[in-house]
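The opening position of the sequence shown corresponds to residue 8 in the numbering used here, with each subsequent residue numbered one higher. Everything on this sheet refers to the single structure shown next.
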Amino acid sequence: MGVTENSNEIMIVAKLMGIKTVANEFVAYQHLGQYVTDNALSPRSAMIATYALCGFSNFQTLGIVLAILGSMVPTRKSLISSLALRALMAGSISCFMTASLAGKFIIIINNKMVLFINLCKFL
Numbered sequence: 008m009g010v011t012e013n014s015n016e017i018m019i020v021a022k023l024m025g026i027k028t029v030a031n032e033f034v035a036y037q038h039l040g041q042y043v044t045d046n047a048l049s050p051r052s053a054m055i056a057t058y059a060l061c062g063f064s065n066f067q068t069l070g071i072v073l074a075i076l077g078s079m080v081p082t083r084k085s086l087i088s089s090l091a092l093r094a095l096m097a098g099s100i101s102c103f104m105t106a107s108l109a110g111k112f113i114i115i116i117n118n119k120m121v122l123f124i125n126l127c128k129f130l
């Protein structure tokens, strides 16, 4: 995703992504705020983690969606259940892809984010 090569920061961002998936994004953002306050993350890693945590792909949301869709179409509950984990993975991957693009195109200069697009790298 572009998190700095400091192994501690990589583990922190990975832990935050796990917290987001198992608990929810609000709990993960609370932990992220604490890490930023403690200067455990660089501004770049904190920015990438912010994008990675932004989404509703977690088990709580999955349960809510299953309950709502299952009550709307009770005859298709088995189909909805069989697609649930795939939907969770697709939602997580989309958030992580957004974070990867942010890591690629946004650079931090003097603690300020600057959008940087070098199109020559893509040609």
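Glycine is no exception: its CB is placed at the ideal position from the N, C-alpha and C atoms.
| Asked | Found |
| --- | --- |
| Just verifying my parser: in three-state terms, what is the DSSP assignment at Leu-130? | Legend: pLDDT at Leu-130 = 48, less than 50; position of this residue unreliable, value from coordinates given subsequently. Leu-130 falls in the coil class under three-state DSSP. |
| Hey, Tyr-36 and Leu-60 are a contact pair by Cβ (cut 8 angstroms); roughly how many whole angstroms apart? | 6 angstroms |
| Phe-66 to Ile-75, Cα distance in whole Å? | 14 angstroms |
| Cα-Cα, which of Ala-53, Lys-119 and Pro-81 is closest to Leu-39? | Ala-53 |
| Considering only the beta carbon of each residue, do Phe-5 and Met-8 sit closer than 9 angstroms? | With the chain covering only 8 through 130, there is no way to say anything about residue 5. |
| Kindly list the residues whose CB is nearer than 7 angstroms to the CB of Leu-73, restricted to its own chain and excluding five residues on each side of it in sequence; keep chain order. | Ile-87, Ser-88 and Ala-91 |
| Could you spell out where the alpha helix (DSSP H) holding Arg-93 opens and where it closes? | 84-112 |
| Report, in whole angstroms, the separation of the C-beta atoms of Leu-23 and Ala-56, which I expect to be a contact under 8 angstroms. | 5 angstroms |
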